[in-house]
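Below is one structure; the comments refer to it alone.
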Ligand code: GLN
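Here is the structure:
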């Protein structure tokens, strides 16, 4: 056993919980590597809050599968990182534990919802981190903080022990300073887990080889549409141009389903959230509710008091969309649109190897800038398609606009992680 003493100063509020002296196995591929874990991933014996007051003080009795794998690989898990409450957000401002700031510019958000993980890496506090991505929560903070983040193929990493937000969309993924780090961390966490019924038997064992020669890279016009900052678009176009210089072929294409992707995402994720979050009743986890009353009053008051505004909004939206008589109008339509997104990707990947575009339409927002929820939701337009289709996507830094990082997003077909990782490595 080795011991890592973690005494870094967290100036960005990247952590909800810090583990000061961490025992780790001294052999294994990640022996002694300082790794931060997003606070919606269960860690036995260490508080896991999901960024919510409703789980304050909740200490899971078991490790998530990915955490077990990290421990077996020798990693030193030095703490749990801040996040938008239950993963609902794009800024890490909806955390009950205060916002995280962006180490690149402290007047800006780090992105979200895995903003604490990205800030911990960008601020040099840890070597690598785990995030989760339901609609962009790994890729957005990676882009805003100038690091690398991979959202794996749905099912390639186990969700056992991940506290669910929208389980048909989400997964755990690696974040790091370089593509090589991300690849190394991904090797440790990918693979089958019988305790997650959607887990797939596709381990990852790959060394990134910077190679794009002969690749066909599709660039959908919709990724450069309305709302994308022209300076960000220009930076990403220039990055894609570099691929051409390295021997790849760039193909202009279209993805008409993008028109409905954001709406389909927000209906799906709120419906799933309203159902998943019903379990937080004040009886089983976190601060106890006053239950010497009717169960209905106790349940309602507890949730009103301990859930933040964004979480309450999404539970209500989801419950409404699922209510009798509205199913066909909202949930049914969202699933039809989701199918279109999947089909669009299938059509594109019959012709190209990788789809490329910006990760986010803009650089990092100022703290407090996205006070209107709708304008925040709109910022997810370029990341949600990969979640709706379950395909892998990576964000890799590709320069700056006004000294703020810009992320290039590379999307692959199902199980195309090796391919997008190689392409990202060629870019570094
Ligand atoms: N910003 C998106 C949302 O609020 C994505 C969040 C995520 O991936 N967890 O739902």
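In the numbering used here, the protein residues as written are 8 to 435.
All C-beta atoms in this analysis are idealised placements derived from N, C-alpha and C, irrespective of residue type, glycine included.
If the criterion is Cβ atoms closer than 9 angstroms, does the pair residue 49 and residue 168 meet it?
Residue numbering aside, residue 49 sits at position 42 when the chain shown is read from its first letter. Residue numbering aside, residue 168 sits at position 161 when the chain shown is read from its first letter. Cβ distance < 9 angstroms, so residue 49 and residue 168 count as in contact.
What residue range does the alpha helix (DSSP H) around residue 120 cover?
Taking the first residue of the chain shown as 1, we reach residue 120 at position 113. No alpha helix (DSSP H) contains residue 120, which DSSP labels as neither H nor E.
Report yes if the C-beta of residue 387 is less than 8 angstroms from at least one heavy atom of the ligand GLN; otherwise report no.
Here residue 387 refers to the residue found at position 380 of the chain shown. Checking every heavy atom of the ligand GLN against the Cβ of residue 387, one is found closer than 8 angstroms.
Based on the DSSP secondary-structure assignment, which residues constitute the bridge partners of residue 48?
In the chain shown, counting from the first residue as 1, residue 48 sits at position 41. Partner(s): 169.
With a threshold of 6 angstroms on Cβ separation, who are the neighbours of residue 328 within its own chain once the five nearest residues in sequence on each side are excluded?
By 1-based counting over the chain shown, the position of residue 328 is 321. Around residue 328: 274, 278, 337 and 338.
Spatial neighbours of residue 186 in its chain, beta-carbon cut-off 7 angstroms, leaving aside the 5 residues before and after
The residue labelled residue 186 in the question sits at position 179 within the chain shown. Closer than 7 angstroms at Cβ, skipping near neighbours: 155, 215, 403, 428, 431, 432 and 435.
Cβ of residue 46 within 8 angstroms of any heavy atom in the ligand GLN?
Residue mapping note: residue 46 aligns to position 39 of the chain shown, counting from 1. Answer for residue 46: no, Cβ out of range of the ligand GLN.
Ignore the nearest five residues each way along the sequence and tell me which others in residue 268's own chain have a CB closer than 8 angstroms to its CB.
By 1-based counting over the chain shown, the position of residue 268 is 261. Excluding sequence neighbours, residue 268 sits near 344, 348, 388, 391, 392 and 395.
What I want to know is whether the C-beta of residue 438 ends up closer than 8 angstroms to one or more non-hydrogen atoms of the ligand GLN.
The structure shown does not extend to residue 438, since the chain is modelled only from 8 through 435, so no value can be given for it.
Measure the Cβ-Cβ separation of residue 135 and residue 157 and say whether it is below 9 angstroms.
As a working note, residue 135 is residue 128 in the chain shown. As a working note, residue 157 is residue 150 in the chain shown. In this structure, residue 157 does not lie closer than 9 angstroms to residue 135 by Cβ.
Are the region 65-74 and the region 29-37 touching, with three or more C-beta to C-beta distances below 8 angstroms?
Short answer: they don't touch.
Would you call the region 240-252 and the region 216-225 in contact, with 3 or more CB pairs under 8 angstroms?
Touching, per the Cβ criterion.
Any idea what DSSP makes of residue 163, helix, strand or coil?
Against the chain shown, residue 163 aligns to sequence position 156. Three-state DSSP puts residue 163 in coil, outside helix and strand.
With a floor of 4 residues, list each alpha helix (DSSP H) that falls wholly inside the region 364-389, ordered by position along the chain.
380-385
Note down, one range per segment and in chain order, each beta strand (DSSP E) of at least 3 residues found wholly within the region 315-370.
361-365
Test item: CB-CB of residue 120 and residue 144 under 9 angstroms
Here the question's residue 120 lines up with position 113 in the chain shown. Here the question's residue 144 lines up with position 137 in the chain shown. Pairing residue 120 with residue 144 gives a Cβ-Cβ distance under 9 angstroms.
Got a sec? Which residues, its chain only, sit under 7 angstroms from residue 103 by beta carbon, not counting five neighbours each side?
Translated into positions along the chain shown, residue 103 becomes position 96. These residues qualify, in order along the chain: 58, 59, 60, 92 and 315.
At what residues does the beta strand (DSSP E) containing residue 3 begin and finish?
Nothing can be reported for residue 3: it is not among the residues displayed for the chain, which extend from 8 to 435.
Going by the CB atoms, is the gap between residue 417 and residue 400 shorter than 9 angstroms?
For the purposes of this step, residue 400 is identified with residue 393 of the chain shown, where counting begins at 1. For the purposes of this step, residue 417 is identified with residue 410 of the chain shown, where counting begins at 1. Yes. Within cutoff.
Hey, residue 26 and residue 85 are a contact pair by Cβ (cut 8 angstroms); roughly how many whole angstroms apart?
Taking the first residue of the chain shown as 1, we reach residue 26 at position 19. Taking the first residue of the chain shown as 1, we reach residue 85 at position 78. About 5 angstroms separates the two Cβ atoms, so the contact holds.
Determine, using beta carbons only, whether residue 161 and residue 397 come nearer to each other than 9 angstroms.
Here residue 161 refers to the residue found at position 154 of the chain shown. Here residue 397 refers to the residue found at position 390 of the chain shown. Yes, the pair counts as a contact, with Cβ atoms nearer than the cut-off.
Does the Cβ of residue 381 have 16 or more other Cβ atoms within 10 Å, making it buried, or fewer, making it exposed?
Counting from one through the chain shown, the residue named residue 381 turns up at place 374. With fewer than 16 other Cβ atoms from the protein chains shown falling within 10 Å of its own Cβ, residue 381 counts as exposed.
Residue(s) in a DSSP beta bridge with residue 392
Position 385 of the chain shown, counted from the start, is the residue given in the question as residue 392. For residue 392, which the question treats as bridged, DSSP gives no partner whatsoever.
Let me know if residue 123 comes out buried or exposed under the rule of 16 or more other beta-carbons within 10 Å of its beta-carbon.
In the chain shown, residue 123 corresponds to position 116, counting from 1. Per the 10 Å Cβ criterion, buried.
Closer than 8 angstroms to a non-hydrogen atom of the ligand GLN - does that hold for the CB of residue 142?
Residue mapping note: residue 142 aligns to position 135 of the chain shown, counting from 1. Residue side-chain check: residue 142 places its Cβ nearer than 8 angstroms to a non-hydrogen atom of the ligand GLN.
Roughly how many angstroms lie between the CA atoms of residue 128 and residue 194, to the nearest whole one?
Translated into positions along the chain shown, residue 128 becomes position 121. Translated into positions along the chain shown, residue 194 becomes position 187. For residue 128 and residue 194, the distance between alpha carbons rounds to 19 angstroms.
Any heavy atom of the ligand GLN closer than 8 angstroms to the Cβ of residue 177?
Position 170 of the chain shown, counting from 1, holds the residue named residue 177. Within the cutoff, so yes.
Nearest-angstrom Cα separation, counted from residue 300 out to residue 198
Working through the chain shown from its first residue, we reach residue 198 at position 191. Working through the chain shown from its first residue, we reach residue 300 at position 293. For residue 198 and residue 300, the distance between alpha carbons rounds to 46 angstroms.
Answer with buried or exposed for residue 10, where buried requires no fewer than 16 other C-beta atoms within 10 angstroms of its C-beta.
Here residue 10 corresponds to residue number 3 of the chain shown, with the count starting at 1. Its Cβ having fewer than 16 others within 10 Å, residue 10 is exposed.
Cβ of residue 101 within 9 angstroms of Cβ of residue 376?
Here residue 101 refers to the residue found at position 94 of the chain shown. Here residue 376 refers to the residue found at position 369 of the chain shown. Between residue 101 and residue 376, the gap from beta carbon to beta carbon reaches 9 angstroms or more.
Would you give the residue range spanned by the beta strand (DSSP E) that residue 227 belongs to?
Here residue 227 refers to the residue found at position 220 of the chain shown. Run containing residue 227: 223-227, per the beta strand (DSSP E) assignment.
By DSSP's criteria, residue 101 is part of a beta bridge. Which residues make up the other side?
If you number the chain shown from 1, residue 101 lands on position 94. Residue 101 pairs with nothing; no bridge assigned.
Counting C-beta neighbours from all protein chains within 10 Å, is the total for residue 12 16 or more, i.e. buried, or is it exposed?
Position 5 of the chain shown holds residue 12. By the neighbour-count rule (16 or more Cβ atoms within 10 Å), residue 12 is not buried but exposed.
What does a CB cutoff of less than 6 angstroms around residue 231 pick up in its chain, not counting 5 residues either side in sequence?
Locating residue 231 in the chain shown gives position 224, counting from the first residue. Here the set comprises 240.
From residue 236 to residue 243, what distance separates their C-alpha atoms?
Translated into the one-based positions of the chain shown, residue 236 becomes position 229. Translated into the one-based positions of the chain shown, residue 243 becomes position 236. Looking at the two C-alpha atoms, the distance is approximately 11 angstroms.
Where does residue 94 fall in DSSP's three states?
Start at 1 with the first residue of the chain shown, and residue 94 comes out as number 87. Residue 94: helix per DSSP, three-state reduction.
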